[in-house]
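Counting from 1, one number per residue, gives the positions in the sequence shown under the numbering used here.
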Amino acid sequence: MNAAMAITAFLCIFIGCNPGWLYAMLPFTVEYNAYTSYHVSETMQILLFTAVGFFLFVKKLAPEPTISVDLDYFYRKGGQAFLWLARKPIQCIDTCVGELYRVAGLIPAMKFSRDVGIFDGAVIDGFIDGLASTVRNIGGRLRLAQRGALQENLTMAFALGALLLLGILYFL
């Protein structure tokens with residue numbers, strides 16, 4: 001946009017200073033002198049009265065602290081309708097849905113999570129703790145059965161394994 005304005009400004013100044021260049025581009029010859037005394041005085045009168053009119057009405061150009069209601073009227077009415085819609089029916093629906101969620105969703109979810117916590121503490125932790133206690137008790141009993149003689153333990157393990165293998169082969 002700035003480039004277009006710069007090109008236009010250049011052409012205006014150039015053609016204003018050299019009007020013969022523009023007339024030379026016409027398809028037929030035209031004899032015109034832009035700087036005759038009549039034409040210059042006429043142009044100066046137009047510029048002078050334009051300046052006088054501007055200075056007489058310059059106070060009218062000052063902005064006034066008013067609201068211009070043109071197409072803005074429709075936006076304002078539409079905005080008021082939207083605010084009423086948001087404040088009355090949509091807010092009522094939102095309140096009802098929030099209350100419904102609190103009663104039908106949140107309270108049962110809290111009760112369910114409390115029951116799951118009780119189940120976790122009583123059943124699952126009890127099973128895991130009970131399993132650990134059982135393993136500890138079995139380990140304590142096996143510790144008493146093992147005296148530290150490695151050869152005896154290996155002999156007993158091989159003998160037990162052999163008996164187990166013979167029992168399986170016998171029943172097949």
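Beta carbons: idealized from backbone N, C-alpha and C, even for Gly.
Since we're looking at a predicted model, the values are computed, not measured.
- Query: Would you report the Cα separation of Tyr-38 and Met-44, rounded to the nearest angstrom?
  - Reply: The residue you call residue 38 lines up with position 38 of the sequence shown. The residue you call residue 44 lines up with position 44 of the sequence shown. Rounded to whole angstroms, Tyr-38 to Met-44 spans 10 Å at the Cα level.
Secondary structure of Asp-70, DSSP reduced to three states
Numbered from its first residue, the sequence shown carries residue 70 at position 70. Coil at Asp-70, not helix or strand.
- Item | Limits of the alpha helix (DSSP H) - the one that Ala-34 falls within | As a working mapping, residue 34 is identified with position 34 in the sequence shown. Ala-34 -> no alpha helix (DSSP H), and no H or E assigned at all.
Enclosing alpha helix (DSSP H) for Glu-64 [first to last residue]: Taking the sequence shown and counting its residues from 1, the one referred to as residue 64 is at position 64. Note, Glu-64: premise wrong, no alpha helix (DSSP H); not H, not E.
request  = Below 8 Å on the Cβ atoms is my guess for Tyr-23 versus Tyr-32; work out the distance and round it to an integer in Å.
outcome  = Residue numbering aside, residue 23 sits at position 23 when the sequence shown is read from its first letter. Residue numbering aside, residue 32 sits at position 32 when the sequence shown is read from its first letter. So it is a contact: roughly 6 Å between Cβ atoms.
DSSP-derived helix/strand/coil call for Thr-8:
Along the sequence shown, read from residue 1 onward, the residue named residue 8 stands at position 8. In this structure, Thr-8 counts as helix in the three-state DSSP scheme.
In whole angstroms, give me the CA-to-CA distance for Leu-11 and Met-5. Locating residue 11 in the sequence shown gives position 11, where the first residue counts as 1. Locating residue 5 in the sequence shown gives position 5, where the first residue counts as 1. Leu-11 and Met-5: Cα-Cα distance of roughly 10 Å.
Q | Collapsed DSSP secondary structure at Phe-54 in the structure displayed | A | What you label residue 54 is simply residue 54 of the sequence shown in a count that begins at 1. Reduced to three states, the DSSP call for Phe-54 is helix.
Please report the straight-line C-alpha distance between Gly-105 and Lys-88, rounded to a whole angstrom. In the sequence shown, counting from the first residue as 1, residue 105 sits at position 105. In the sequence shown, counting from the first residue as 1, residue 88 sits at position 88. Near 25 Å, if we compare the C-alpha coordinates of Lys-88 and Gly-105.
*Quick one, which of Tyr-101, Arg-76 and Gln-80 has its alpha-carbon nearest Ile-67's?*
As a working mapping, residue 67 is identified with position 67 in the sequence shown. Among Tyr-101, Arg-76 and Gln-80, the Cα nearest to that of Ile-67 belongs to Arg-76.
DSSP three-state label for Pro-27, please.
Position 27 of the sequence shown, counted from the start, is the residue given in the question as residue 27. Pro-27 falls in the coil class under three-state DSSP.
Review point. What three-state label does DSSP hand Asn-2 in the structure shown?
Key: In the sequence shown, residue 2 corresponds to position 2, counting from 1. In the structure shown, Asn-2 sits in a helix (DSSP, three-state: H, G or I).
Inter-residue spacing [alpha-carbon to alpha-carbon] between Met-25 and Thr-8: For the purposes of this step, residue 25 is taken as the residue at position 25 of the sequence shown. For the purposes of this step, residue 8 is taken as the residue at position 8 of the sequence shown. The straight-line gap from Cα to Cα measures roughly 18 Å.
| query | Anyone know if the C-beta pair for Trp-21 and Ile-13 falls short of 8 Å? | reply | For this step, residue 21 is matched to residue 21 along the sequence shown. For this step, residue 13 is matched to residue 13 along the sequence shown. No; because the gap between Cβ atoms is not below 8 Å, this pair is not in contact.
When DSSP labels each residue in this structure, what does Ala-149 get in the three-state scheme?
-> Against the sequence shown, residue 149 aligns to sequence position 149. Note: Ala-149 maps to coil in three-state DSSP.
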